[in-house]
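Engineer:
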Amino acid sequence: MGEEEGKSNNSLEPMEKKRGGFTASIFIFVLLALDNMGFVANMVSMVLYFLGPMHFNLATAANTLTNFMGTNFLLSLLGGFISDTYLSRYTTCLIFGSIQIVGLSMMTIQAYSKALQPKFCGLDKPSCMEGGIGFYFYVSLYLWALGSGGVKGALPALGGDQFGHKDEAKKLATFFNLFLLSSTLGATIGVTVVVWVSTTKAWYWGFFISTMGSLIGFIVLALGRPFYRLQVPRESPLIRVFQVIVLAIKNRSLSLPGSSAELYEISEKESAFTNEKISHTEQFSFLDKAAILGKDTKAEPWKVCTVTQVEEVKVLTRMLPILLSTIIMNTCLAQLQTFSVQQGNRSMNRKLGNFEVPAPSIPVIPLIFMCVLIPLYEYFFVPFARKITGHPAGITQLQRVGIGLVLSAVSMAVAGIVEVKRRNYALAHSPLAPGGISLFWLSFQYAIFGIADMFTLVGLLEFFYREAPAGMKSLSTSFTWLSLSFGYFLSSIFVSIINAVTAKIAPSKLGWLHGIDINQNNVNLFYFFLAILSCLNFANYLYWASWYKYKPEEPETKVQLKEVDKPLVIEHENGSNKVTAKEVSSVQTEENKEKVASL
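Printed below as a string of structure tokens:
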């Protein structure tokens, strides 16, 4: 009997525990590398495509790119919401991936067909886009943004789900570092090979390579299905948040009980088969009123919320200042993909021996640094720091983000200094004069910001995934991309406002960022403005990071994970009765295992 019981217990190990891990992550890493190859290549070079075949002026080209990037990252919220509520993260990635490929294919066709390109209409107009050509251009551009954004909202959480058990905390930190490394390797190929093809051969070849890379990447992701742990979608996280807010307002006149134990919460037995259970915290105590169960009131949705549900809202509320404190850094990032590219394209020596380096390829320098630094960080710094701090990731996620914010301010200051040097040379020499300062002067601002991005991006992804309630992992991880989105939109706002204000106060009556000729602009002053703003923002971040209270450590999170192929079948003879449990689709706690084993 004891032997039979032992076999039974072994057979009860959830199938999802045998899936996931780094085996499943390989498929995700391949998609990241192939998709990011095209995405980053276009991100750093597309401003030249807008200035050239599309006939935009400098400010309009920069704003078109930053608006596209902002929309792309903003739509990650849609992908995160859908994958938490209606579809699995895997399915969400494939659906939005298909939309992305349609948009890229349309971009390729427009870049190839002269009939779909606008005719030059003079230098005095911000854009020559109009009619059907303009409609086609914006539809293809924003279909690409929709598809790519939706994938970004679901993919990091799909990867995190492969390390969702408590004993895999160290592996989860490693996953997010390798997540960035895969993206970086793909981006390195993109800013060298794809950018060179786009700028020297033809733009449509660059878009075609991007399309094919994404297509192959999503096919590889689909092939990994048998290896994934897939979560079961739950009720809408937004509805859960809204319920807490509505009931807290409705119960605002009620007094809180003397003990948090008197607030409504589901029992341990109920939580074992549903959601995780989050301990009560004292912050934002006014929200606790949503968990007051009145006399003779039945515990139903919209009548009372559980303590866990209230704590979910508290977690999201605590995250907001952190999210808002990283927006300025991403506004700085937008400049490296717009004005810095134009810097390299004008009055700088782009020769490397006999080879002329495309200006958008300069980011390869920080990317190469990152390809070296990420493994060093993961396999040398983290183990060393872990011995000192005892933290699984070496340093906390918020410490990592803070380092990135400091480096982004330094990057903007360096960018301003380099632009002064470049502009002074350009104004002192004829545009046709040979030589010029080396393009590789730009590598300093790119390299510093690349290291900043290594710290901040991974820190935010891991922070939002770890801290998020179990049913909001995708939506919460999308906050990383939301910060990027706001940063790009803020860049467009800054460019427009600063142009308008400086045009009124400057003796020349011209804005800092007017026209198409960067040599007649004051981009250096714009960089210094962002450097000062970044320093003020860091001081703001320090306050909120010290204020933030991490979510209390709980027993292993009971995230519902769906089996992919075979159902778990358990049969046990109990006298004359035969009990069969045909499918187990949630993570089992030890208590649950014993319950099922006792059958």
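Note that the working numbering has the sequence shown beginning at 253, numbered continuously upward. Beta carbons: idealized from backbone N, C-alpha and C, even for Gly.
Does the pairing of the stretch 464 to 478 with the stretch 280 to 299 give three or more beta-carbon distances under 8 Å?
Structural biologist: A contact exists between the stretch 464 to 478 and the stretch 280 to 299.
Engineer: With a cut-off of 8 Å, do at least 3 Cβ pairs link the stretch 701 to 719 to the stretch 617 to 626?
Structural biologist: Touching, yes, given that three or more Cβ pairs across the two stretches are closer than 8 Å.
Engineer: Measure the alpha-carbon distance for residue 298 versus residue 692 and round it to whole angstroms.
Structural biologist: One C-alpha to the other measures close to 20 Å.
Engineer: Between 506, 315, 467 and 273, which has its C-alpha nearest residue 348's C-alpha?
Structural biologist: Residue 348 has its Cα closest to that of 467, out of 506, 315, 467 and 273.
Engineer: Take residue 723 and list the residues in its own chain whose beta-carbon comes closer than 7 Å to its own, dropping the five residues that flank it on each side.
Structural biologist: Cβ neighbours of residue 723 beyond the five flanking positions: 336, 486, 489 and 527.
Engineer: Looking only at its chain, what residues have a beta carbon closer than 7 Å to the beta carbon of residue 392, apart from the 5 residues adjacent to it on each side?
Structural biologist: Answer for residue 392: 355, 358, 359 and 362, listed in chain order.
Engineer: What residues match up with residue 689 in a beta bridge as DSSP calls it?
Structural biologist: The partner list for residue 689 (beta bridge, DSSP) reads 600.
Engineer: Using the Cβ count rule (16 or more neighbours within 10 Å means buried), how would you classify residue 461?
Structural biologist: Label assigned to residue 461: buried.
Engineer: Measuring straight from C-alpha to C-alpha, what distance separates residue 277 and residue 427?
Structural biologist: Using only the alpha carbons, I get a separation of about 8 Å.
Engineer: Nearest to residue 451 by CA position, among 643, 300, 755 and 787, is which residue?
Structural biologist: Taking only the C-alpha atoms, the option nearest residue 451 is 300.
Engineer: According to DSSP, simplified to helix, strand and coil, what is residue 350?
Structural biologist: In this structure, residue 350 counts as helix in the three-state DSSP scheme.
Engineer: Under 7 Å, do residue 728 and residue 716 count as touching if we go by C-beta distance?
Structural biologist: Cβ distance < 7 Å, so residue 728 and residue 716 count as in contact.
Engineer: In chain order, what residues of the same chain lie with their CB nearer than 6 Å to the CB of residue 370, ignoring the 5 residues before and after it?
Structural biologist: Counting only Cβ-Cβ distances below 6 Å, and skipping sequence neighbours, we find 307, 380, 381 and 385.
Engineer: For residue 785, which residues from the same chain have a beta carbon less than 7 Å from its beta carbon, with the 5 sequence-adjacent residues on both sides left out?
Structural biologist: Closer than 7 Å at Cβ, skipping near neighbours: 580.
Engineer: Between the C-alpha atoms of residue 529 and residue 517, what's the straight-line distance to the nearest angstrom?
Structural biologist: Rounded to the nearest angstrom, the two C-alpha atoms are 9 Å apart.
Engineer: Using 8 Å as the threshold, is the stretch 317 to 332 in touch with the stretch 749 to 759, meaning 3 or more CB pairs across them?
Structural biologist: No, they do not touch.
Engineer: On the DSSP letters alone, give me the boundaries of the alpha helix (DSSP H) that residue 312 sits inside.
Structural biologist: Counting along the chain, the alpha helix (DSSP H) containing residue 312 begins and ends at 310 to 326.
Engineer: In this structure, what does DSSP give as the bridge partners for residue 607?
Structural biologist: Per DSSP, 604.
Engineer: Hey, out of 350, 352, 390 and 601, whose CA is closest to residue 316's CA?
Structural biologist: Comparing Cα positions, the closest option is 390.
Engineer: Quick check on DSSP: helix, strand or coil for residue 531?
Structural biologist: In the structure shown, residue 531 sits in coil (DSSP, three-state: anything other than H, G, I, E or B).
Engineer: Taking C-alpha atoms, which residue in 787, 590 and 742 lies nearest to residue 296?
Structural biologist: Minimum Cα distance to residue 296 is reached at 590.
Engineer: Can you give the Cα-Cα distance for residue 447 and residue 645, rounded to whole angstroms?
Structural biologist: About 35 Å.
Engineer: If we count the other Cβ atoms within 10 Å of its Cβ and call it buried at 16 or more, is residue 649 buried or exposed?
Structural biologist: With 16 or more other Cβ atoms within 10 Å, it is buried.
Engineer: Quick check on this structure: which residue in 553, 548 and 442 has the alpha carbon closest to the alpha carbon of residue 491?
Structural biologist: For the residues 553, 548 and 442, the minimum Cα distance to residue 491 belongs to 553.
Engineer: How is the alpha helix (DSSP H) around residue 445 delimited, first residue to last?
Structural biologist: Note, residue 445: premise wrong, no alpha helix (DSSP H); not H, not E.
Engineer: Strictly by DSSP, which residues pair up with residue 379?
Structural biologist: According to DSSP, which records beta bridges pairwise, residue 379 is partnered with 308.
Engineer: With a cut-off of 8 Å, do at least 3 Cβ pairs link the stretch 572 to 587 to the stretch 785 to 799?
Structural biologist: Yes, the stretch 572 to 587 touches the stretch 785 to 799.
Engineer: Are at least three pairs of beta-carbons, each pair with one atom in the stretch 602 to 616 and one in the stretch 659 to 675, less than 8 Å apart?
Structural biologist: Taking 8 Å as the limit for Cβ pairs, the verdict is that the stretch 659 to 675 does not touch the stretch 602 to 616.
Engineer: Does DSSP classify residue 490 as helix, strand or coil?
Structural biologist: Residue 490: helix per DSSP, three-state reduction.
Engineer: Between the Cα of residue 225 and the Cα atoms of 794, 415 and 660, which residue gives the shortest distance?
Structural biologist: There is simply no residue 225 to check, as the chain begins at 253 and stops at 851 in what is shown.
Engineer: Would you mind sorting residue 367 into buried or exposed? The rule is 16 or more other CB atoms within 10 Å of its CB.
Structural biologist: Per the 10 Å Cβ criterion, exposed.
Engineer: Let me know the secondary structure DSSP gives residue 573 once reduced to three states.
Structural biologist: Note: residue 573 maps to helix in three-state DSSP.
Engineer: What do you get for residue 606, buried or exposed, if any count of 16 or more other CB atoms within 10 angstroms of its CB means buried?
Structural biologist: Exposed: under 16 other Cβ atoms inside 10 Å.
Engineer: Considering only C-alpha positions, which residue in the set 397, 740 and 437 is nearest to residue 627?
Structural biologist: Residue 627 has its Cα closest to that of 437, out of 397, 740 and 437.
Engineer: Measuring CA to CA, which of 745, 495 and 711 is closest to residue 629?
Structural biologist: Looking at the Cα atoms, 711 is the closest of the given residues.
Engineer: Using only CA atoms, which one of 513, 480 and 696 lies nearest to residue 273?
Structural biologist: For residue 273, the nearest C-alpha among the options comes from 480.
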